[in-house]
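Q: One structure coming up, written as structure tokens, with questions to follow.
In full-length UniProt numbering, the protein residues as written are 1 to 261.
Next comes the structure, spelled out in structure tokens:
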């Protein structure tokens with residue numbers, strides 16, 4: 001990966017992350033409160049929907065930048081030769097690149113995500129107080145992100161390739177954005193149960209069974225108490241959020257990266 005490509009991916013990823021996170025923050029707050037254990041209205045309802053925005057703003061740029069630099073570098077590395085350079089193996093390459101990108105980005109994302117969601121569901125506490133409390137407690141892993149990326153990015157790349165081949169030239173940025181919206185909506189629906197579990201774990205009291213981070217156990221508890229509807233709680237705002245977010249995020253990324261290159 002050349003220095004110019006590295007810088008382009010870094011800047012484009014950071015700008016895209018800031019853009020989508022700050023634009024769609026209120027919808028993310030509503031989704032979080034729908035999934036919280038105390039229920040939507042007890043978690044704050046429609047009040048203070050920008051609670052937790054400072055942590056989101058701070059984490060957005062480095063988080064997205066780290067993901068895309070890793071994603072593009074891994075794609076370039078695997079595509080230089082061997083079995084991963086074959087066209088029909090491209091989805092596997094994209095899966096591996098996206099997975100590695102998420103692992104690197106999680107080093108930044110997990111702490112900011114915990115603080116943000118606890119602020120969204122705890123209106124009585126400031127972001128600063130929640131940060132202090134979070135630092136004293138065990139931060140759970142963000143296990144749902146890799147499965148999400150395993151669906152979203154190979155599908156995004158496939159849709160771009162399909163559309164590009166049919167029209168006979170490289171897609172415009174808005175077309176890449178449309179592909180991102182479709183891929184995001186599909187991935188969002190498929191991984192909603194994992195997102196519900198993640199939200200329950202992050203909002204759980206330290207030392208409780210839920211806070212231990214056992215995702216299968218949390219999913220079973222949700223299914224037993226609220227059924228299938230509970231497992232897919234918040235799926236509509238989540239799909240809407242991620243679909244629109246995918247349009248903005250991946251569209252902005254492609255636009256800025258192409259401009260810099």
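Think of the CB as a built atom: it goes at the ideal place given N, C-alpha and C, for glycine as much as any other residue.
Predicted model, so just to flag it, every value in this text is computed and none were measured.
Output the residue ranges of the beta strand (DSSP E) runs that lie fully inside the UniProt repeat "Solcar" (171–259) and measure 3 residues or longer, sorted by chain position.
A: As far as the UniProt repeat "Solcar" (171–259) is concerned, it has no whole beta strand (DSSP E) run of at least 3 residues.
Q: With respect to the alpha helix (DSSP H) encompassing residue 31, which residues constitute its N-terminal and C-terminal limits?
A: That run of the alpha helix (DSSP H) goes 25–35.
Q: Which of helix, strand or coil does DSSP assign to residue 167?
A: Helix.
Q: According to DSSP, is residue 2 part of a helix, a strand, or is it coil?
A: It is coil, neither helix nor strand.
Q: Spatial neighbours of residue 138 within its chain, please: CB distance less than 6 angstroms, with the 5 preceding and 5 following residues excluded, ordered by chain position.
A: For residue 138, the predicted model reports a pLDDT of 40, less than 50, meaning its position is unreliable; a value from the coordinates is still stated below. So no residue of the chain qualifies.
Q: Is the beta carbon of residue 56 sitting closer than 8 angstroms to the one on residue 108?
A: Result no, Cβ atoms of residue 56 and residue 108 do not sit closer than 8 angstroms.
Q: When the Cα atoms are used, what is the spatial distance from residue 234 to residue 31?
A: Those two C-alpha atoms are separated by around 5 angstroms.
Q: In this structure, does DSSP put residue 146 in helix, strand or coil?
A: Looking at residue 146 - three-state DSSP - the assignment turns out to be helix.
Q: Apart from the five residues on each side of it in sequence, which residues of its chain come closer than 7 angstroms, Cβ to Cβ, to residue 6?
A: Hits under 7 angstroms: 69.
Q: If we ignore side chains and look at the alpha-carbon of each, how far apart do residue 239 and residue 231 end up?
A: Computed Cα separation, rounded: 14 angstroms.
Q: Any idea if residue 2 is buried or exposed, counting beta-carbon neighbours within 10 angstroms, 16 or more meaning buried?
A: Looking at its Cβ environment, which holds fewer than 16 other Cβ atoms inside 10 Å, residue 2 is exposed.
Q: Using the Cα positions of residue 97 and residue 222, report the straight-line distance between them to the nearest angstrom.
A: Spanning the two alpha carbons is a distance of roughly 32 angstroms.
Q: How long is the line joining the alpha carbons of residue 170 and residue 161, rounded to whole angstroms?
A: Going from the Cα of residue 170 to the Cα of residue 161 covers about 9 angstroms.
Q: If contacts are defined as beta-carbon pairs under 8 angstroms, then residue 253 and residue 16 qualify, I think. What distance do you get, rounded to the angstrom?
A: Going by Cβ atoms, the distance from residue 253 to residue 16 rounds to 4 angstroms, so yes, they are a contact pair.
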